[in-house]
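The numbering of the sequence shown is the working numbering, which starts it at 9 and goes up by one.
Ideal Cβ positions, reconstructed from N, Cα and C, are used throughout, including at glycine.
The structure under discussion appears below in the form of structure tokens.
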Amino acid sequence: MKIAFLSAFALDANVSLINALRKKSDVYFFVEALYEISNFLDKDKLEKTITPGTDVEDLQRFRDFISLDKTYVIKGTRNINVLKKLYISYKINQYIKKINPDVIILDNYMLTYFISTLCYRKKMLMIVHDPFLHSGENILLDRCLRNIHFRLIKHKILLNENQKEDFINHYHFHPENIHTSFLSVYDFLRYHQTDKENSSSRFNVLFFGRISPYKGIKFLLDAFVEILSSHKNSDMSLTIAGSGNFDFDIEEYKNYPEITFLNDYIYPENLANLINQSSVVVCPYTDATQSGVVMSAFAFKKPVIATNVGGLPEMVEDGKTGIIIEPKNTEALANALLTVYKDRTLLEKMSDNIQHRYFLGEKSWAFSADLFLDACKKIR
9 MKIAFLSAFA
19 LDANVSLINA
29 LRKKSDVYFF
39 VEALYEISNF
49 LDKDKLEKTI
59 TPGTDVEDLQ
69 RFRDFISLDK
79 TYVIKGTRNI
89 NVLKKLYISY
99 KINQYIKKIN
109 PDVIILDNYM
119 LTYFISTLCY
129 RKKMLMIVHD
139 PFLHSGENIL
149 LDRCLRNIHF
159 RLIKHKILLN
169 ENQKEDFINH
179 YHFHPENIHT
189 SFLSVYDFLR
199 YHQTDKENSS
209 SRFNVLFFGR
219 ISPYKGIKFL
229 LDAFVEILSS
239 HKNSDMSLTI
249 AGSGNFDFDI
259 EEYKNYPEIT
269 FLNDYIYPEN
279 LANLINQSSV
289 VVCPYTDATQ
299 SGVVMSAFAF
309 KKPVIATNVG
319 GLPEMVEDGK
329 TGIIIEPKNT
339 EALANALLTV
349 YKDRTLLEKM
359 SDNIQHRYFL
369 GEKSWAFSAD
379 LFLDACKKIR
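Listed below in structure tokens is the structure:
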């Protein structure tokens, strides 16, 4: 089967998925370099509108992971430049015509591949990363482009099973056209790691990712302050790492030397090292779909404390690969942190379970890719 994979924003999960897919099919990968913080590709280094992967410096680290001669990087432009965007879309479609894929996997609803969407919509499988838009992020343009693509593309695949039924009922889709798979570990981060050893003697709690209201960061901070007040001599620290604006005042939390704020975009090299130096990663979200944060943590076999929202309980097995708690519950979050802090043997067992499930077992990329291929066969 010949597959064209059209991506607009990320290398993270895609390179791992494509690596798994190409073992059983012929995969051509298109990725847009628009914002470097979205996919770690510097578009200013690109001289052509579409550049083969073999000529892109930022991709060379992945040369043993994906087929660079079947990879194409698009020098992107913002949606506001509609005419230029559509011209680029036309150019991309010329490549698609030559490739003549059996199936096209689309991971976005941007204008970048809109011409191809119009031409090949009947053989497309659309990855729906967010079955429902996050609270505080319901932007009009996003809704419009999303709805257009939802109408054009019949077959869609979600990355968790929990939200499938609600997604079908909300949009009135036919169940046979809605498929599911899952995210596995973000292998790409290990290609960026420079600090190979975890040399820290402290118990490091880590939150990382884009700062947004639905992330529930205040609940984590309050839980951590509560722990500090009752365990004054603990060797526990907390790092909040990510770009964006807080929806609450963080000044009072800066008074605690145990709390570090890295309020900036965290590039892969730094992120890989932060995760490697952590003891546990926390996702205190108030709503969610699936989470690349969990899969980034699991790439380094770090257990995750996550809330019972969206697809997170599918990704984090309670008591096995982390702890699941109810959202907006500061006490439950504090108790979960203390549980793994006091029981390091449990923490080690969780790390071992991540190894067995996500690197070798039923949650590996090989199994995820099989579900994608099953969905693709129903389109042909």
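Between the segment 245-257 and the segment 268-287, the count of C-beta pairs closer than 8 Å reaches three or more; the two stretches touch. Distance between H180 and I112, taken at the CA atoms: about 23 Å. Residues Y293, D295, A296, P335 of the same chain have their beta carbon placed closer than 6 Å to that of V317, with the five preceding and five following residues left out of the count. Within the same chain, Cβ atoms closer than 6 Å to the Cβ of M303 are found at L191, V193, Y194, the five residues on either side in sequence being excluded. Relative to the Cα of S75, the nearest Cα in the group A374, L25, A342 belongs to L25. The C-alpha of V23 is placed about 33 Å away from the C-alpha of K226. S304 carries a helical assignment under DSSP once its states are collapsed to helix, strand and coil.
Collapsing the DSSP output to three states places E40 in a strand. Between I333 and T315 the beta-carbon gap is near 6 Å, inside 8 Å, which marks them as a contact. Secondary structure note for S359: its alpha helix (DSSP H) is the uninterrupted segment 352-362. Exclusion of the five residues before and after S287 leaves F211, N212 as the residues of its chain whose Cβ lies within less than 6 Å of its Cβ.
For T59, the enclosing beta strand (DSSP E) begins and ends at 58-60.
Assignment of K78 by DSSP, reduced to helix, strand and coil, places it in the helix class.
Residue burial is scored here from C-beta neighbours: I82 has at least 16 other C-beta atoms within 10 angstroms and is therefore classed as buried. Residue burial annotation: N177 is exposed, with fewer than 16 other C-beta atoms found within 10 angstroms of its C-beta. Contiguous alpha helix (DSSP H) elements confined to the segment 215-248 occur at 225-238, taking only those with 4 or more residues. Membership of H157 in the alpha helix (DSSP H) is indicated by the continuous run 148-160. In this structure, the CA atom of E173 is about 22 Å from the CA atom of A377.
Judged by beta-carbon spacing, F17 lies beyond the 9 Å limit of L54, meaning their Cβ atoms are not closer than that value. Contact annotation: the segment 114-129 touches the segment 148-160, with at least three C-beta pairs closer than 8 Å.
In this structure T79 is in contact with L67, their Cβ atoms being roughly 7 Å apart against a cut-off of 8 Å.
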